[in-house]
Amino acid sequence: MARKYFGTDGIRGTANIHPITPDLVLRLALAAGRHFRRGEHRHKVVIGKDTRLSGYMLEPALAAGFTSTGMDVFMVGPIPTPAVAMLTRSLRCDLGVMISASHNPFQDNGIKLFGPDGFKLSDSDEEAIEALMDAPAEDLAHPTKLGRAMRLEDARGRYMEFVKQSFPSGLTLEGLKIVVDCAHGAAYKVAPEVLFELGAEVIPIAVQPTGTNINDRCGATAPAVMCEQVVSHGADLGIALDGDADRLIVCDETGHVLDGDQVMGLVATSLAKRDQMRGPLVATVMSNLGLERHLKSLGIDMQRTPVGDRYVVEAMREMNCNLGGEQSGHIVLGDHATTGDGLVAALQVLAVLVEQGGPMSTLGRVFEPVPQLLQNVRFDGAKGQPLDHDDVQSAIKAGEERLAGSGRVLIRKSGTEPVIRVMAEGDDEAMVGAVVSDICAAIESASR
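The numbering of the sequence shown is the numbering used here, which starts it at 725 and goes up by one.
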(Lines of atoms letter the chains of each structure in order from A and count residues from 1; the text may use other names and numbers.)
(Lines give C-alpha, C1' and ligand atoms only; values in the text may rest on other atoms or scores of the structure.)
Protein backbone atom coordinates (compact mmCIF):
# COMPACT_ATOMS: atom_id res chain seq x y z
CA MET A 1 0.00 0.00 0.00
CA ALA A 2 1.45 3.36 -1.08
CA ARG A 3 1.88 5.83 1.75
CA LYS A 4 0.67 9.38 1.30
CA TYR A 5 2.58 11.25 4.01
CA PHE A 6 5.23 9.00 5.55
CA GLY A 7 8.53 8.49 3.76
CA THR A 8 11.54 6.39 4.72
CA ASP A 9 11.99 8.30 7.99
CA GLY A 10 8.73 9.85 9.14
CA ILE A 11 7.16 12.85 7.45
CA ARG A 12 9.48 15.48 6.00
CA GLY A 13 9.33 18.57 3.81
CA THR A 14 9.76 22.33 3.69
CA ALA A 15 8.47 24.07 6.79
CA ASN A 16 5.11 25.83 6.42
CA ILE A 17 4.51 24.14 3.07
CA HIS A 18 2.43 20.96 2.80
CA PRO A 19 2.90 18.52 4.43
CA ILE A 20 4.92 20.31 7.14
CA THR A 21 2.18 22.75 8.15
CA PRO A 22 0.49 23.29 11.52
CA ASP A 23 -2.76 21.97 10.05
CA LEU A 24 -1.36 18.64 8.88
CA VAL A 25 0.82 18.20 11.97
CA LEU A 26 -2.27 18.76 14.12
CA ARG A 27 -4.07 16.08 12.12
CA LEU A 28 -1.09 13.79 12.58
CA ALA A 29 -1.22 14.23 16.36
CA LEU A 30 -4.97 13.65 16.43
CA ALA A 31 -4.53 10.46 14.41
CA ALA A 32 -1.48 9.13 16.25
CA GLY A 33 -3.03 9.93 19.61
CA ARG A 34 -6.16 7.95 18.77
CA HIS A 35 -4.17 5.09 17.28
CA PHE A 36 -2.02 4.69 20.38
CA ARG A 37 -4.81 5.30 22.90
CA ARG A 38 -5.11 1.74 24.13
CA GLY A 39 -6.53 0.79 27.50
CA GLU A 40 -7.84 2.88 30.37
CA HIS A 41 -4.51 4.13 31.75
CA ARG A 42 -3.45 7.77 31.55
CA HIS A 43 -1.78 8.06 28.15
CA LYS A 44 1.45 10.01 27.67
CA VAL A 45 3.61 11.29 24.81
CA VAL A 46 7.04 12.90 24.85
CA ILE A 47 7.90 15.56 22.24
CA GLY A 48 11.47 16.61 21.45
CA LYS A 49 12.87 18.82 18.72
CA ASP A 50 16.09 20.07 17.22
CA THR A 51 17.02 23.75 16.92
CA ARG A 52 15.14 24.73 13.75
CA LEU A 53 13.07 27.89 13.88
CA SER A 54 10.02 26.02 12.59
CA GLY A 55 10.08 23.78 15.66
CA TYR A 56 8.38 26.59 17.57
CA MET A 57 5.49 26.38 15.08
CA LEU A 58 5.12 22.59 15.03
CA GLU A 59 5.55 21.79 18.72
CA PRO A 60 2.35 23.53 19.94
CA ALA A 61 0.35 22.05 17.04
CA LEU A 62 1.43 18.56 18.11
CA ALA A 63 0.71 19.32 21.77
CA ALA A 64 -2.79 20.56 20.92
CA GLY A 65 -3.59 17.45 18.93
CA PHE A 66 -2.34 15.01 21.55
CA THR A 67 -4.05 16.73 24.48
CA SER A 68 -7.26 16.71 22.43
CA THR A 69 -7.08 12.91 22.32
CA GLY A 70 -6.58 12.75 26.10
CA MET A 71 -2.81 12.32 26.12
CA ASP A 72 -0.56 14.10 28.59
CA VAL A 73 2.34 15.76 26.79
CA PHE A 74 5.95 16.05 28.01
CA MET A 75 7.81 18.70 26.00
CA VAL A 76 11.58 18.37 26.38
CA GLY A 77 12.90 21.05 24.01
CA PRO A 78 16.06 20.66 21.89
CA ILE A 79 17.37 17.15 22.43
CA PRO A 80 18.76 14.39 20.16
CA THR A 81 16.42 11.98 18.42
CA PRO A 82 17.80 8.98 20.36
CA ALA A 83 17.02 10.84 23.59
CA VAL A 84 13.35 10.90 22.60
CA ALA A 85 13.47 7.15 21.97
CA MET A 86 15.08 6.61 25.38
CA LEU A 87 12.67 8.91 27.21
CA THR A 88 9.66 7.25 25.59
CA ARG A 89 10.61 4.02 27.32
CA SER A 90 11.91 5.61 30.53
CA LEU A 91 8.75 7.67 31.07
CA ARG A 92 6.50 4.72 30.13
CA CYS A 93 5.00 6.81 27.35
CA ASP A 94 2.68 5.48 24.68
CA LEU A 95 4.38 7.48 21.97
CA GLY A 96 7.50 9.53 21.30
CA VAL A 97 7.77 12.34 18.75
CA MET A 98 10.87 14.08 17.38
CA ILE A 99 10.53 17.29 15.38
CA SER A 100 13.52 17.27 13.05
CA ALA A 101 14.63 16.98 9.45
CA SER A 102 17.91 15.40 10.56
CA HIS A 103 20.74 16.48 8.24
CA ASN A 104 18.57 18.69 6.00
CA PRO A 105 18.93 22.50 5.92
CA PHE A 106 17.00 24.66 8.37
CA GLN A 107 14.07 25.42 6.05
CA ASP A 108 13.07 21.75 6.12
CA ASN A 109 11.51 19.97 9.05
CA GLY A 110 9.88 16.66 9.81
CA ILE A 111 8.20 14.41 12.33
CA LYS A 112 9.61 11.08 13.52
CA LEU A 113 7.46 8.80 15.66
CA PHE A 114 8.49 6.15 18.18
CA GLY A 115 6.29 3.49 19.70
CA PRO A 116 6.14 2.71 23.44
CA ASP A 117 9.09 0.32 23.02
CA GLY A 118 11.33 3.15 21.78
CA PHE A 119 11.50 1.80 18.23
CA LYS A 120 10.36 3.63 15.10
CA LEU A 121 6.90 2.71 13.92
CA SER A 122 6.19 -0.20 11.63
CA ASP A 123 4.75 0.31 8.15
CA SER A 124 1.39 -0.99 9.40
CA ASP A 125 1.27 1.59 12.21
CA GLU A 126 2.11 4.39 9.79
CA GLU A 127 -0.55 3.23 7.35
CA ALA A 128 -3.15 3.11 10.13
CA ILE A 129 -2.23 6.64 11.22
CA GLU A 130 -2.46 7.92 7.65
CA ALA A 131 -5.95 6.47 7.33
CA LEU A 132 -7.01 8.29 10.49
CA MET A 133 -5.44 11.54 9.28
CA ASP A 134 -7.72 11.60 6.26
CA ALA A 135 -10.83 10.66 8.24
CA PRO A 136 -12.98 12.96 10.42
CA ALA A 137 -11.45 13.51 13.87
CA GLU A 138 -13.96 11.51 15.88
CA ASP A 139 -13.75 9.85 19.29
CA LEU A 140 -11.83 12.72 20.87
CA ALA A 141 -11.48 13.07 24.62
CA HIS A 142 -14.34 14.22 26.80
CA PRO A 143 -13.72 17.72 28.26
CA THR A 144 -12.99 16.12 31.62
CA LYS A 145 -10.46 13.75 30.05
CA LEU A 146 -8.34 16.25 28.09
CA GLY A 147 -4.59 15.87 28.41
CA ARG A 148 -2.15 18.32 29.99
CA ALA A 149 1.03 19.72 28.44
CA MET A 150 4.11 20.34 30.58
CA ARG A 151 7.86 20.92 30.26
CA LEU A 152 10.23 18.22 31.47
CA GLU A 153 13.16 20.25 32.75
CA ASP A 154 15.66 17.45 33.46
CA ALA A 155 15.34 15.57 30.16
CA ARG A 156 18.81 16.55 28.98
CA GLY A 157 20.42 15.32 32.20
CA ARG A 158 18.54 12.01 32.01
CA TYR A 159 19.82 11.43 28.50
CA MET A 160 23.39 12.35 29.41
CA GLU A 161 23.45 9.77 32.19
CA PHE A 162 22.03 7.17 29.82
CA VAL A 163 24.77 7.90 27.27
CA LYS A 164 27.58 7.78 29.82
CA GLN A 165 26.41 4.37 30.99
CA SER A 166 27.26 3.00 27.53
CA PHE A 167 30.94 3.83 28.09
CA PRO A 168 32.94 1.10 29.91
CA SER A 169 33.04 1.94 33.62
CA GLY A 170 36.75 1.22 33.97
CA LEU A 171 37.79 3.70 31.28
CA THR A 172 38.23 7.46 31.17
CA LEU A 173 38.78 10.00 28.42
CA GLU A 174 41.45 11.81 30.39
CA GLY A 175 44.40 12.81 28.23
CA LEU A 176 42.34 12.94 25.03
CA LYS A 177 41.69 16.14 23.11
CA ILE A 178 38.49 15.89 21.10
CA VAL A 179 36.88 18.25 18.60
CA VAL A 180 33.10 17.81 18.59
CA ASP A 181 30.98 19.39 15.84
CA CYS A 182 27.35 19.60 16.93
CA ALA A 183 25.98 21.06 13.66
CA HIS A 184 24.27 23.86 15.65
CA GLY A 185 21.72 21.13 16.30
CA ALA A 186 20.03 19.09 18.98
CA ALA A 187 23.24 17.92 20.72
CA TYR A 188 24.82 21.35 21.02
CA LYS A 189 24.76 21.09 24.82
CA VAL A 190 24.76 17.38 25.64
CA ALA A 191 27.63 16.22 23.43
CA PRO A 192 30.35 18.56 24.77
CA GLU A 193 29.13 18.06 28.35
CA VAL A 194 29.19 14.24 28.13
CA LEU A 195 32.73 14.21 26.73
CA PHE A 196 33.89 16.73 29.35
CA GLU A 197 32.33 14.76 32.22
CA LEU A 198 34.13 11.63 31.02
CA GLY A 199 37.45 13.48 31.29
CA ALA A 200 38.26 14.72 27.78
CA GLU A 201 39.59 18.10 26.79
CA VAL A 202 36.77 19.24 24.53
CA ILE A 203 36.90 21.71 21.64
CA PRO A 204 33.24 22.31 20.72
CA ILE A 205 32.31 23.83 17.37
CA ALA A 206 28.91 24.63 15.79
CA VAL A 207 27.28 24.99 19.21
CA GLN A 208 25.54 28.35 18.75
CA PRO A 209 22.17 27.61 17.13
CA THR A 210 20.20 30.54 15.76
CA GLY A 211 17.28 28.57 14.37
CA THR A 212 18.54 29.04 10.83
CA ASN A 213 22.12 27.72 10.91
CA ILE A 214 21.57 24.03 11.66
CA ASN A 215 23.73 21.83 9.37
CA ASP A 216 25.01 24.97 7.62
CA ARG A 217 28.53 24.01 6.47
CA CYS A 218 29.01 21.94 9.60
CA GLY A 219 28.10 18.62 11.13
CA ALA A 220 28.22 15.08 9.80
CA THR A 221 27.36 16.06 6.23
CA ALA A 222 30.00 18.81 6.05
CA PRO A 223 32.97 17.70 8.17
CA ALA A 224 35.65 19.89 6.56
CA VAL A 225 35.71 22.49 9.35
CA MET A 226 35.90 19.74 11.99
CA CYS A 227 38.86 18.20 10.17
CA GLU A 228 40.63 21.56 10.02
CA GLN A 229 40.06 22.14 13.72
CA VAL A 230 41.41 18.72 14.62
CA VAL A 231 44.66 19.40 12.79
CA SER A 232 45.05 22.99 14.00
CA HIS A 233 44.42 22.05 17.65
CA GLY A 234 46.48 18.87 17.52
CA ALA A 235 43.44 16.90 18.67
CA ASP A 236 43.33 13.12 18.86
CA LEU A 237 40.20 12.90 16.76
CA GLY A 238 37.06 14.74 15.71
CA ILE A 239 33.41 13.79 16.14
CA ALA A 240 30.72 15.26 13.89
CA LEU A 241 27.01 14.80 14.57
CA ASP A 242 24.11 15.82 12.36
CA GLY A 243 21.20 18.09 13.24
CA ASP A 244 19.36 15.57 15.41
CA ALA A 245 22.51 13.69 16.50
CA ASP A 246 21.46 10.25 15.33
CA ARG A 247 24.43 9.91 12.99
CA LEU A 248 28.18 10.12 13.42
CA ILE A 249 31.19 10.88 11.24
CA VAL A 250 34.70 10.64 12.72
CA CYS A 251 38.02 12.05 11.58
CA ASP A 252 41.45 10.94 12.75
CA GLU A 253 44.27 13.14 14.05
CA THR A 254 45.43 13.85 10.47
CA GLY A 255 42.02 15.17 9.44
CA HIS A 256 41.14 12.07 7.42
CA VAL A 257 37.40 11.28 7.50
CA LEU A 258 36.15 7.88 8.64
CA ASP A 259 32.60 7.19 7.47
CA GLY A 260 29.98 4.95 9.01
CA ASP A 261 31.35 1.85 7.30
CA GLN A 262 34.76 2.30 8.95
CA VAL A 263 33.10 2.98 12.32
CA MET A 264 31.02 -0.19 12.01
CA GLY A 265 34.12 -2.14 11.01
CA LEU A 266 36.04 -0.81 14.01
CA VAL A 267 33.27 -1.57 16.50
CA ALA A 268 32.57 -5.00 14.97
CA THR A 269 36.25 -5.92 15.18
CA SER A 270 36.35 -4.88 18.84
CA LEU A 271 33.17 -6.79 19.69
CA ALA A 272 34.43 -9.89 17.88
CA LYS A 273 37.71 -9.84 19.82
CA ARG A 274 35.73 -9.83 23.07
CA ASP A 275 33.33 -12.49 21.75
CA GLN A 276 30.46 -10.00 22.13
CA MET A 277 29.36 -9.76 18.49
CA ARG A 278 25.85 -11.17 18.26
CA GLY A 279 24.62 -12.29 14.86
CA PRO A 280 25.60 -10.70 11.54
CA LEU A 281 26.35 -7.01 11.11
CA VAL A 282 23.34 -5.37 9.49
CA ALA A 283 24.14 -2.70 6.91
CA THR A 284 22.34 -1.20 3.93
CA VAL A 285 22.81 -1.75 0.24
CA MET A 286 25.04 1.36 0.24
CA SER A 287 27.77 -0.04 2.50
CA ASN A 288 31.12 -0.63 0.85
CA LEU A 289 32.09 -4.05 -0.45
CA GLY A 290 35.37 -3.63 1.42
CA LEU A 291 33.49 -3.75 4.73
CA GLU A 292 31.78 -6.97 3.72
CA ARG A 293 35.11 -8.55 2.80
CA HIS A 294 36.71 -7.44 6.09
CA LEU A 295 33.85 -8.90 8.14
CA LYS A 296 34.10 -12.16 6.21
CA SER A 297 37.78 -12.39 7.19
CA LEU A 298 36.65 -12.22 10.83
CA GLY A 299 34.02 -14.89 10.34
CA ILE A 300 31.19 -12.32 10.58
CA ASP A 301 28.34 -12.28 8.09
CA MET A 302 26.85 -9.06 6.76
CA GLN A 303 23.13 -8.70 6.12
CA ARG A 304 22.07 -5.89 3.75
CA THR A 305 18.79 -3.96 3.93
CA PRO A 306 17.20 -1.11 1.96
CA VAL A 307 18.50 2.37 2.77
CA GLY A 308 17.10 3.76 6.01
CA ASP A 309 18.06 3.08 9.60
CA ARG A 310 14.53 1.87 10.37
CA TYR A 311 15.11 -1.09 8.02
CA VAL A 312 18.45 -1.77 9.68
CA VAL A 313 16.79 -1.84 13.09
CA GLU A 314 13.96 -4.07 11.87
CA ALA A 315 16.47 -6.61 10.55
CA MET A 316 18.52 -6.42 13.74
CA ARG A 317 15.44 -7.18 15.82
CA GLU A 318 14.42 -10.08 13.60
CA MET A 319 17.88 -11.67 13.83
CA ASN A 320 18.70 -10.60 17.40
CA CYS A 321 21.81 -8.66 16.27
CA ASN A 322 23.60 -6.02 18.32
CA LEU A 323 25.34 -3.96 15.63
CA GLY A 324 24.13 -2.34 12.45
CA GLY A 325 24.13 0.94 10.62
CA GLU A 326 24.62 2.97 7.50
CA GLN A 327 27.58 4.33 5.61
CA SER A 328 26.14 7.80 6.23
CA GLY A 329 26.84 7.43 9.96
CA HIS A 330 23.70 5.97 11.52
CA ILE A 331 25.20 3.42 13.90
CA VAL A 332 22.83 1.27 15.93
CA LEU A 333 24.23 -0.38 19.07
CA GLY A 334 21.49 -2.81 20.00
CA ASP A 335 22.91 -3.44 23.48
CA HIS A 336 22.48 0.24 24.32
CA ALA A 337 19.86 1.93 22.13
CA THR A 338 16.79 1.31 19.97
CA THR A 339 17.83 3.68 17.19
CA GLY A 340 20.90 5.32 15.70
CA ASP A 341 22.73 7.34 18.35
CA GLY A 342 25.72 9.40 17.25
CA LEU A 343 26.96 10.07 20.77
CA VAL A 344 26.69 6.46 21.97
CA ALA A 345 28.49 5.33 18.80
CA ALA A 346 31.21 7.93 19.38
CA LEU A 347 31.81 6.58 22.88
CA GLN A 348 32.27 3.06 21.51
CA VAL A 349 34.93 4.39 19.11
CA LEU A 350 36.58 6.26 21.96
CA ALA A 351 36.55 3.14 24.13
CA VAL A 352 38.54 1.29 21.44
CA LEU A 353 40.94 4.23 21.17
CA VAL A 354 41.53 4.29 24.93
CA GLU A 355 41.92 0.52 25.21
CA GLN A 356 44.33 0.19 22.30
CA GLY A 357 46.19 3.44 22.72
CA GLY A 358 45.69 4.83 19.22
CA PRO A 359 46.45 6.68 17.11
CA MET A 360 43.10 6.98 15.38
CA SER A 361 44.75 7.04 11.95
CA THR A 362 45.94 3.48 12.56
CA LEU A 363 42.89 2.14 14.36
CA GLY A 364 40.31 3.76 12.12
CA ARG A 365 41.52 2.37 8.81
CA VAL A 366 39.91 -0.99 9.44
CA PHE A 367 39.57 -2.00 5.79
CA GLU A 368 40.54 -0.73 2.35
CA PRO A 369 37.40 0.59 0.67
CA VAL A 370 36.55 -0.69 -2.77
CA PRO A 371 36.26 2.20 -5.26
CA GLN A 372 32.68 3.43 -5.04
CA LEU A 373 30.97 6.23 -6.93
CA LEU A 374 27.54 7.73 -6.26
CA GLN A 375 25.87 10.33 -8.47
CA ASN A 376 22.41 11.87 -8.19
CA VAL A 377 20.35 12.61 -11.30
CA ARG A 378 17.40 14.99 -10.90
CA PHE A 379 14.37 14.45 -13.13
CA ASP A 380 11.02 16.05 -13.87
CA GLY A 381 8.38 13.75 -12.40
CA ALA A 382 5.72 15.34 -14.59
CA LYS A 383 7.44 13.82 -17.63
CA GLY A 384 7.29 10.28 -16.33
CA GLN A 385 9.65 7.90 -14.58
CA PRO A 386 12.98 7.55 -16.38
CA LEU A 387 13.68 4.17 -14.75
CA ASP A 388 10.82 2.76 -16.82
CA HIS A 389 12.60 3.73 -20.06
CA ASP A 390 14.04 0.85 -22.11
CA ASP A 391 17.34 2.66 -22.78
CA VAL A 392 17.85 3.20 -19.04
CA GLN A 393 17.18 -0.44 -18.26
CA SER A 394 19.60 -1.47 -21.00
CA ALA A 395 22.32 0.79 -19.57
CA ILE A 396 21.79 -0.65 -16.09
CA LYS A 397 21.96 -4.22 -17.41
CA ALA A 398 25.15 -3.45 -19.35
CA GLY A 399 26.75 -1.96 -16.25
CA GLU A 400 25.85 -4.99 -14.14
CA GLU A 401 27.40 -7.29 -16.73
CA ARG A 402 30.65 -5.25 -16.82
CA LEU A 403 31.01 -5.43 -13.02
CA ALA A 404 29.80 -9.00 -12.58
CA GLY A 405 32.06 -10.87 -10.18
CA SER A 406 34.09 -7.83 -9.13
CA GLY A 407 31.52 -5.26 -8.08
CA ARG A 408 27.91 -4.24 -8.22
CA VAL A 409 25.44 -1.59 -9.42
CA LEU A 410 22.74 -0.04 -7.25
CA ILE A 411 20.00 2.20 -8.62
CA ARG A 412 17.41 3.69 -6.30
CA LYS A 413 14.89 6.47 -6.43
CA SER A 414 14.95 8.95 -3.56
CA GLY A 415 11.96 8.74 -1.24
CA THR A 416 11.97 12.47 -0.51
CA GLU A 417 12.83 14.25 -3.79
CA PRO A 418 12.71 13.69 -7.61
CA VAL A 419 16.22 12.24 -7.72
CA ILE A 420 17.59 8.91 -8.89
CA ARG A 421 20.74 7.77 -7.09
CA VAL A 422 23.20 5.83 -9.23
CA MET A 423 25.90 3.93 -7.38
CA ALA A 424 28.50 1.45 -8.57
CA GLU A 425 31.51 -0.09 -6.91
CA GLY A 426 34.20 -2.51 -7.94
CA ASP A 427 37.90 -3.22 -7.93
CA ASP A 428 38.48 -1.33 -11.20
CA GLU A 429 37.93 2.38 -10.44
CA ALA A 430 37.94 3.46 -14.09
CA MET A 431 35.30 0.88 -14.96
CA VAL A 432 33.15 1.99 -12.01
CA GLY A 433 33.29 5.58 -13.25
CA ALA A 434 32.38 4.57 -16.78
CA VAL A 435 29.42 2.47 -15.61
CA VAL A 436 28.00 5.31 -13.50
CA SER A 437 28.53 7.82 -16.29
CA ASP A 438 26.74 5.68 -18.86
CA ILE A 439 23.74 5.04 -16.63
CA CYS A 440 23.44 8.71 -15.61
CA ALA A 441 23.59 9.75 -19.28
CA ALA A 442 20.79 7.33 -20.12
CA ILE A 443 18.63 8.66 -17.26
CA GLU A 444 19.25 12.28 -18.28
CA SER A 445 18.37 11.46 -21.91
CA ALA A 446 15.16 9.70 -20.88
CA SER A 447 14.21 12.70 -18.68
CA ARG A 448 14.28 15.25 -21.51
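All residues carry an ideal CB built from backbone N, CA and C; glycine is no exception. Quick caveat: nothing in here was measured; it's all calculated off a predicted structure.
### Message
Am I right that Met1043 and Pro1004 are in contact with their C-beta atoms under 8 Å? What's the rounded C-beta distance?
### Response
If you number the sequence shown from 1, residue 1043 lands on position 319. If you number the sequence shown from 1, residue 1004 lands on position 280. Taking C-beta atoms under 8 Å as the contact rule, Met1043 and Pro1004 qualify, at a distance of about 7 Å.
### Query
Using the C-alpha atoms, what's the distance from Ala996 back to Glu1038?
Position 314 of the sequence shown, counted from the start, is the residue given in the question as residue 1038. Position 272 of the sequence shown, counted from the start, is the residue given in the question as residue 996. Cα to Cα, Glu1038 sits roughly 22 Å from Ala996.
### Task
Quick one: which unbroken beta strand (DSSP E) runs of 3-plus residues sit fully inside the stretch 883-937? Chain order, please.
901-905, 925-929
### Query
Residues in its own chain within less than 8 Å of Phe992 by CB, not counting five upstream and five downstream?
Within the sequence shown, numbered from 1, the residue matching residue 992 stands at position 268. Checking the sequence, you will find Ala at residue 992 rather than Phe. The residues are Met1001, Leu1005, Leu1019, Leu1022, Ile1024, Leu1047.
### Task
Please work out which residues of its chain come closer than 8 Å, Cβ to Cβ, to Ala959, disregarding the five sequence neighbours upstream and downstream, and give them in chain order.
As a working note, residue 959 is residue 235 in the sequence shown. Here the set comprises Lys901, Ile902, Val903, Ile927, Gln953, Glu977.
### Task
Taking only the alpha-carbon atoms, compute the straight-line gap between Thr1063 and Leu1057 and give it to the nearest angstrom.
Indexing the sequence shown from 1 puts residue 1063 at position 339. Indexing the sequence shown from 1 puts residue 1057 at position 333. Taking the straight line joining both Cα atoms gives about 8 Å.
### Query
What does Cys828 pair with, by DSSP beta-bridge criteria?
Position 104 of the sequence shown, counted from the start, is the residue given in the question as residue 828. Just to set this straight, residue 828 is Asn in the shown sequence, not Cys. As far as DSSP is concerned, Asn828 takes part in no beta bridge.
### Query
In chain order, what residues of the same chain have a beta carbon less than 6 Å from the beta carbon of Leu1013, not counting five sequence neighbours either side?
Position 289 of the sequence shown holds residue 1013. Same-chain partners within the cutoff: Val1094, Glu1149.
### Query
Mapping DSSP to helix, strand and coil, what is Thr1029?
Residue 1029 sits at position 305 when you count from the first residue of the sequence shown. It is a strand residue.
#### Entry: Distance CB(Leu972)-CB(Ala1069) smaller than 7 Å
As a working mapping, residue 972 is identified with position 248 in the sequence shown. As a working mapping, residue 1069 is identified with position 345 in the sequence shown. A contact, by the Cβ cut-off of 7 Å.
### Query
Can you find a heavy atom of the ligand GTP that lies under 6 Å from the Cβ of Gly1129?
Only the bare structure without any ligand can be found here, which leaves the ligand GTP out of the picture.
#### Entry: Cβ neighbours of Met1084 in the same chain (closer than 7 Å, five flanking residues each side left out)
By one-based count along the sequence shown, residue 1084 stands at place 360. Taken in chain order, the residues that qualify are Asp960, Leu961, Asp976, Glu977, Leu1077.
### Between the CA atoms of Asp970 and Thr1008 - distance to the nearest angstrom
Start at 1 with the first residue of the sequence shown, and residue 1008 comes out as number 284. Start at 1 with the first residue of the sequence shown, and residue 970 comes out as number 246. In a straight line, the C-alpha of Thr1008 is about 16 Å away from that of Asp970.
#### Entry: Inter-residue spacing [alpha-carbon to alpha-carbon] between Val797 and Leu748
Within the sequence shown, residue 797 is the residue found at index 73, counting from 1. Within the sequence shown, residue 748 is the residue found at index 24, counting from 1. Rounded to the nearest whole angstrom, the C-alpha separation of Val797 and Leu748 is 19 Å.
### Task
Might you give, ordered along the chain, the residues of its own chain that have their beta carbon closer than 7 Å to the beta carbon of Leu786, omitting 5 neighbours on each side?
Mapped onto the sequence shown, residue 786 falls at position 62. The answer, listed in chain order, is Val749, Ala753, Ile771, Val821.
### Message
Please give the ranges of any alpha helix (DSSP H) in the stretch 809-877, keeping only runs that are unbroken, at least 4 residues long and fully inside the region.
### Response
847-857
#### Entry: Ala787: first and last residue of the uninterrupted beta strand (DSSP E) it sits in
Numbered from its first residue, the sequence shown carries residue 787 at position 63. First-last for Ala787: 779-792, but that is the alpha helix (DSSP H), not the beta strand (DSSP E).
### Task
Can you say whether Gln1096 is buried or exposed, counting buried as having 16 or more other CB atoms within 10 angstroms of its CB?
For this step, residue 1096 is matched to residue 372 along the sequence shown. So Gln1096 ends up on the buried side.
### Task
Determine, using beta-carbon pairs with one atom in the stretch 878-896 and one in the stretch 840-851, whether at least three such pairs fall under 8 Å.
no
### Query
Identify the residues that DSSP records as bridge partners of Pro802: which are they?
The residue you call residue 802 lines up with position 78 of the sequence shown. In DSSP, Pro802 forms a bridge with Lys773.
### Message
Would Gly842 and Arg882 be called neighbours here (beta carbons separated by less than 7 Å)?
### Response
The residue you call residue 842 lines up with position 118 of the sequence shown. The residue you call residue 882 lines up with position 158 of the sequence shown. Against a cut-off of 7 Å, the Cβ pair of Arg882 and Gly842 comes out as no contact.
### Task
Please look up how many angstroms separate the CB atoms of Ser1138 and Arg1145, rounded, as I've assumed it's under 8 Å.
Here residue 1138 refers to the residue found at position 414 of the sequence shown. Here residue 1145 refers to the residue found at position 421 of the sequence shown. At roughly 6 Å, the Cβ-Cβ gap stays under 8 Å, so Ser1138 and Arg1145 are in contact.
### Residue from Glu921, Asp1151, Phe1103, Lys1121 with nearest C-alpha to Glu1092
Within the sequence shown, the letter at position 368 stands for residue 1092. Nearest of Glu921, Asp1151, Phe1103, Lys1121 to Glu1092, Cα basis: Asp1151.
### Task
Pull up the distance between the alpha-carbon of Pro1142 and that of Gly1081, whole angstroms please.
Taking the first residue of the sequence shown as 1, we reach residue 1142 at position 418. Taking the first residue of the sequence shown as 1, we reach residue 1081 at position 357. A direct Cα-Cα distance of roughly 46 Å separates Pro1142 from Gly1081.
### Query
What do you reckon, are the CB atoms on Gly734 and Lys836 nearer than 7 Å?
Here residue 734 is taken as the residue at index 10 of the sequence shown, counted from 1. Here residue 836 is taken as the residue at index 112 of the sequence shown, counted from 1. Yes.
### Message
If I follow the unbroken beta strand (DSSP E) through Glu1149, where does it start and stop?
### Response
The count along the sequence shown starts at 1 and reaches residue 1149 at position 425. Unbroken beta strand (DSSP E) run through Glu1149: 1143-1150.
### Query
Taking Cβ to Cβ, would you say Asp698 is nearer than 7 Å to Thr896?
A query on residue 698 cannot be resolved here, the shown segment of the chain reaching from 725 to 1172 and no further.
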